[in-house]
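Below: the structure, in structure tokens.
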Amino acid sequence: MATVVVLGAGIAGHTATAFLKKELGKEHDVIVISPSPYYQWIPSNIWVGVGRMKVDQVRFPLEKVYKKWGVIFHQAKALSIHPNGDENTVKPFVMAEYTKEDKAGVPLKVEFDFLVNATGPKLNFEATEGLGPNGFTSSVCAYSHATDAWEKLQQVFKKLENGEKQKIVIGTGHPMATCQGAAFEYILNVAYELKQRKLSDKAELFWLTNEYELGDFGMSGAYVRRNGYITSTKIFAESVLAENNVKWIKRAGVKKVEDGLIHYETLAGEYKTQEFDFAMLIPSFAGAGLKAYDKLGEDITSVLFAPNGFMKVDADYSPKTYEEFNIKDWPETYQNPGYKNIFAVGIAFAPPHPISKPQTNPNGTSIFPTPPRTGMPSGVTGKITAQNIAAWILKGDDSLKHRASMGKMGAACIVSAGFNLFKGQAATMTVNPIVPDWEKYPDYGRDINYTVGEIGLAGHWMKLMLHYMFIHKAKGYPFWWLIPE
Amino acid sequence: MENKNIPKVYYEESYPPVPTKSVKFWRSCVLWQTYRFFVLNFKVMKIVAFGHN
Chain C
1 MATVVVLGAG IAGHTATAFL KKELGKEHDV IVISPSPYYQ WIPSNIWVGV GRMKVDQVRF
61 PLEKVYKKWG VIFHQAKALS IHPNGDENTV KPFVMAEYTK EDKAGVPLKV EFDFLVNATG
121 PKLNFEATEG LGPNGFTSSV CAYSHATDAW EKLQQVFKKL ENGEKQKIVI GTGHPMATCQ
181 GAAFEYILNV AYELKQRKLS DKAELFWLTN EYELGDFGMS GAYVRRNGYI TSTKIFAESV
241 LAENNVKWIK RAGVKKVEDG LIHYETLAGE YKTQEFDFAM LIPSFAGAGL KAYDKLGEDI
301 TSVLFAPNGF MKVDADYSPK TYEEFNIKDW PETYQNPGYK NIFAVGIAFA PPHPISKPQT
361 NPNGTSIFPT PPRTGMPSGV TGKITAQNIA AWILKGDDSL KHRASMGKMG AACIVSAGFN
421 LFKGQAATMT VNPIVPDWEK YPDYGRDINY TVGEIGLAGH WMKLMLHYMF IHKAKGYPFW
481 WLIPE
Chain P
1 MENKNIPKVY YEESYPPVPT KSVKFWRSCV LWQTYRFFVL NFKVMKIVAF GHN
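These protein sequence lines are chains C and P, in that order.
Taking this note's numbering as reference, the numbering of the first sequence is continuous, increasing by one, and the terminal residue is 485.
Taking this note's numbering as reference, the numbering of the second sequence is continuous, increasing by one, and the terminal residue is 53.
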């Protein structure tokens with residue numbers, strides 16, 4: 001009997017768990033360690049943040065689902081990995097501590113044969129002074145943050161109704177933050193809500209971003225077929241913002257937030273400020289802070305993890321210039337090079353390098369987005385890792401034949417721009433592959449036939465359909481495995 | 001908080017294309033959007049299906 005431990009129950013971890021249990025059945029143990037008692041469908045947090053969905057529509061308790069599947073669940077936070085065991089333990093193990101109220105702080109030791117690290121990111125609000133729900137800005141990165149954002153946004157609406165003018169700033173809260181897509185969705189939804197309430201004329205909306213050009217989205221932008229032209233996502237994103245009366249500040253790295261004032265540095269090296277009444281800024285992401293120790297208790301964290309805290313996998317981490325970046329640098333199996341029974345999926349794996357061109361200003365501050373790995377790539381990497389581990393356990397096949405590189409994998413991003421079954425809109429954007437392959441596609445870096453950029457009601461229906469489909473899948477309802485990642 | 005007296009030129013947000021009434025109509029036309037819904041789903045499914053092995 002083999003034991004597979006999955007750290008985290010987000011999109012990547014939960015997908016890995018579902019496929020591991022489906023393939024391994026009752027013969028083998030699948031153990032999940034996650035600090036939250038809930039699964040959350042993060043893409044719909046945007047709708048919680050504008051009051052269109054309640055928290056319980058985007059989350060559900062994990063315990064009931066895992067009980068049904070026969071998965072052992074510990075509501076605990078993983079602290080360290082011991083890949084060689086220790087002086088008293090032969091097998092590798094994970095140390096964690098319970099977060100469930102009745103056991104909070106109680107240590108937990110779980111031995112494993114295979115480990116899937118799917119902890120997701122640490123939302124690194126501390127990297128920017130004054131950022132986040134404990135500071136002066138809001139966030140939609142977690143359902144609790146989105147609820148808080150909605151409460152603050154309602155106060156803004158009330159002030160606008162009373163005739164007060166308000167400045168709303170949405171974007172990235174760190175010079176190297178990623179996940180621009182989520183912030184972009186949020187600003188479009190806020191603009192839509194303002195229009196619905198006929199308050200647009202009193203509100204001033206700003207898109208504040210670390211992108212070199214709008215539409216970069218951390219993947220060096222893209223080209224899309226649009227109205228008979230091949231258009232860059234720069235034009236696409238600027239057009240969407242202009243249509244919604246949103247002004248933009250680009251090439252900006254937020255360094256500090258005070259009450260009503262954002263301090264940022266530009267790529268030109270200038271120090272500027274932006275006033276706000278309400279701000280939703282995405283923080284930088286860091287690794288979950290796991291440590292690693294060898295059999296004698298020596299710290300081997302740097303062997304398993306990159307300096308940013310994300311886990312090393314089968315990527316080429318040698319330093320390269322932007323011109324040397326290649327899709328072959330990107331991992332395919334997500335296996336740790338030092339420990340073949342340890343894998344990292346979703347946001348937990350360390351990318352080899354950025355996708356966007358690195359940019360540094362005269363003051364030495366790097367201002368550019370780090371690579372996005374949320375949504376579709378998270379689900380896909382979770383699934384193929386589960387399939388590889390299952391093949392290894394059941395057939396002794398350690399060839400890891402299921403592979404998924406971000407240099408070959410496509411992604412669809414549906415950017416909601418208003419929640420309404422007949423008046424709602426969304427921008428549907430697809431790219432294939434996610435990491436541009438300039439050798440295979442010398443003109444546009446990607447397959448232009450599979451790249452879409454379209455705004456319309458159909459996108460909103462798709463976004464809504466995906467919400468219900470993925471909740472269905474995550475709950476393990478009938479035929480869940482037929483729903484692709 | 002738009003100042004109606006300032007001409008909308010030489011501002012960054014004045015350069016990108018903005019949709020005409022016709023474009024806006026097709027974006028929310030239920031029949032056309034139903035067709036686009038299936039087209040977009042088909043494209044997304046193809047990307048998903050060939051993205052990994």
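Where is the CB? At the ideal position from N, CA and C, for every residue including glycine.
Predicted, not measured: the structure shown is a model, and the values here were computed from it.
- The C-beta of C/Ala177 comes no closer than 8 Å to any C-beta of chain P.
- In the DSSP assignment, C/Gln40 falls within the unbroken beta strand (DSSP E) covering Tyr38 to Gln40.
- With its beta carbon less than 8 Å from one in chain P, C/Lys423 belongs to the interface.
- Under the 8 Å Cβ criterion, the region 416 to 430 of chain C does not count as touching the region 336 to 352 of chain C, having fewer than three qualifying pairs.
- The beta carbon of C/Ala391 lies closer than 6 Å to those of Asp397 in the same chain, with the five residues before and after it left out.
- At a cut-off of 8 Å between C-beta atoms, C/Pro351 does not count as an interface residue with respect to chain P.
- C/Ile282 places its beta carbon 8 Å or farther from that of C/Gly132.
- By the criterion of a C-beta distance shorter than 7 Å, C/Asp447 is surrounded in its chain by Asn432 and Tyr441, once the five residues flanking it on both sides are discounted.
- Chain order gives no chain P residues near C/Met429, where near means a beta carbon separation below 8 Å; the closest approach is about 10 Å.
- Just measuring C-alpha positions, the residue of C/Lys103, C/Gly49 and C/Met429 sitting nearest C/Gln75 is C/Lys103.
- When the alpha-carbon of C/Gly171 is set against those of C/Gly287, C/Gly215 and C/Lys195, the nearest one is in C/Gly215.
- Below the 8 Å Cβ cutoff, chain C contributes no neighbours of P/Phe42, its closest Cβ being approximately 11 Å away.
- At least one beta carbon of chain C lies nearer than 8 Å to the beta carbon of P/Val48.
- For C/Gly476 against C/Val65, the beta-carbon gap comes to about 6 Å, under 8 Å, which counts as contact.
- DSSP places C/Pro61 in the strand class (E or B) of the three-state scheme.
- Listed along the chain, the chain C residues whose CB falls inside 7 Å of the CB of P/Phe37 are Ala458, Trp461 and Met462.
- Three or more Cβ pairs closer than 8 Å define a contact, and the region 218 to 238 of chain C falls short of that threshold against the region 460 to 468 of chain C.
- Taking the Cα of C/Lys408 as reference, the smallest distance to any Cα among C/Tyr468, C/Gly49 and C/Pro436 is reached at C/Pro436.
- Not a single C-beta of chain P is nearer than 8 Å to the C-beta of C/Ala286.
- At a cut-off of 8 Å, the C-beta of C/Leu241 has a neighbouring C-beta in chain P.
- Annotated three-state conformation of C/Gly253 is strand, per DSSP.
- The secondary-structure analysis by DSSP pairs C/Pro107 across a beta bridge with C/Glu97.
- Around the CB of C/Asp201, fewer than 16 other CB atoms lie within 10 Å, so the residue is classed as exposed.
- In the DSSP assignment, C/Leu457 falls within the unbroken alpha helix (DSSP H) covering Leu457 to Ala474.
- Taking a Cβ-Cβ cut-off of 9 Å, the neighbours of C/Trp248 in chain P comprise Glu12 and Glu13, given in sequence order.
- Put simply, the CB of C/Gly410 is near chain P, with a gap under 8 Å to one of its CB atoms.
- Within chain P, no C-beta atom comes less than 9 Å from the C-beta of C/Tyr143; the nearest is roughly 25 Å away.
- Contact between the region 116 to 124 of chain C and the region 8 to 20 of chain C is established, with three or more Cβ pairs separated by less than 8 Å.
- For C/Leu400, there is no enclosing beta strand (DSSP E), since its DSSP letter is neither H nor E.
- Runs of the beta strand (DSSP E) lying entirely within the region 144 to 177 of chain C, each at least 3 residues long, are 166 to 172 in chain order.
- Residues of chain P whose Cβ lies closer than 8 Å to the Cβ of C/Pro484 are, in chain order, Met45, Val48 and Ala49.
- The Cβ-Cβ distance between C/Val110 and C/Tyr98 does not fall below 8 Å.
- Excluding five sequence positions before and after C/Thr137, the CB atoms of its chain that fall closer than 7 Å to its own CB belong to Leu131, Gly173, Val257, Ala279, Met280 and Leu281, given in chain order.
- Rounded to the nearest whole angstrom, the CA to CA distance from C/Val156 to C/Lys295 is 56 Å.
- A straight-line Cα-Cα distance of about 4 Å links C/Ala96 and C/Ala78.
- The closest CA to that of C/Met176, considering only C/Val246, C/Lys255 and C/Gln196, is found on C/Lys255.
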